[in-house]
Amino acid sequence: PSNLVELALRYLDTGSSSEMDKAFGRRFKGFSQLTAEEAAEALLRKATTRAESEQPSLALMPTLACLSIAKEMDCQRLVLGARVQLAETLGLHLQMADGTRSLVETDLPACLANEDAELRARAQWTYARILLSCSDKSSSEDLEKVLLWLARAGQDADAAECLGLQTRILYF
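Those letters in the sequence shown? Residues 851 to 1022, per my numbering, in order.
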């Protein structure tokens, strides 16, 4: 920080930067930029927030951008997280549950095998709600399946210490 202050003061004194000052400043530029993983995670958080808003369709762009970055980085955790978010947005918020059920069922084994408990919880939470949307509400077998996935999601949310997600699961 003191070096940055010194650079700023020199710039204020002279009104311009010398080549040495510019080179010095470039060393700090990398610290202010987000890494690709941080950017993808930020996009996924933005998508989650937008999906729960009054215009859930606005979640699609940050979700797809996150998916693109995650695939480019070959980060399986973020790819799966983006796909779960995409399934939630399309299936639950945009009422396309039948079409997204197969997407979640395809990704669910990889999500469950992942070490990230929050990812597992979100995948199970999303799957349970999609199952409920697609199920025959009068069938006790369908409802028991939903309750099983909700319980599993709650356990992983507890393990990941995701209080907000755990609260939503318990309330549901």
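Glycine is no exception: its CB is placed at the ideal position from the N, C-alpha and C atoms.
Member of the options whose CA lies at the smallest distance from the CA of residue i
i	options	result
residue 911	999, 892, 993, 926	892
residue 907	944, 1010, 948, 961	944
residue 955	966, 987, 979	979
residue 900	936, 1010, 972, 888	936
residue 951	904, 965, 934, 916	934
residue 966	999, 941, 928, 982	928
residue 888	947, 984, 905, 916	916
residue 902	940, 919, 918, 930	940
Rounded distance between the beta-carbons of residue j and residue i, thought under 8 Å
i	j	result
residue 923	residue 886	5 Å
residue 932	residue 894	6 Å
residue 968	residue 925	Not a contact, Cβ separation roughly 15 Å.
residue 964	residue 970	6 Å
N-terminal and C-terminal residue of the alpha helix (DSSP H) that residue i is part of
i	result
residue 945	Here residue 945 belongs to no alpha helix (DSSP H), and DSSP marks it neither H nor E.
residue 990	990 to 1009
Under the three-state DSSP convention, the category residue i falls into
i	result
residue 1017	helix
residue 985	coil
residue 891	helix
residue 899	helix
residue 880	At residue 880 the pLDDT is 49, less than 50, meaning the model places this residue with poor confidence; the figure from the coordinates comes in the next sentence. In this structure, residue 880 counts as helix in the three-state DSSP scheme.
residue 854	Residue placement at residue 854 is flagged as unreliable, the pLDDT there being 49, under the threshold of 50; the coordinate-derived value follows with that caveat. Of the three classes helix, strand and coil, the one that applies to residue 854 here is helix, per DSSP.
Requested in this report: Write down every uninterrupted run of the alpha helix (DSSP H) in the region 911 to 977 whose length is 4 residues or greater and which is fully enclosed by it, in chain order.
Outcome: 926 to 938, 947 to 963
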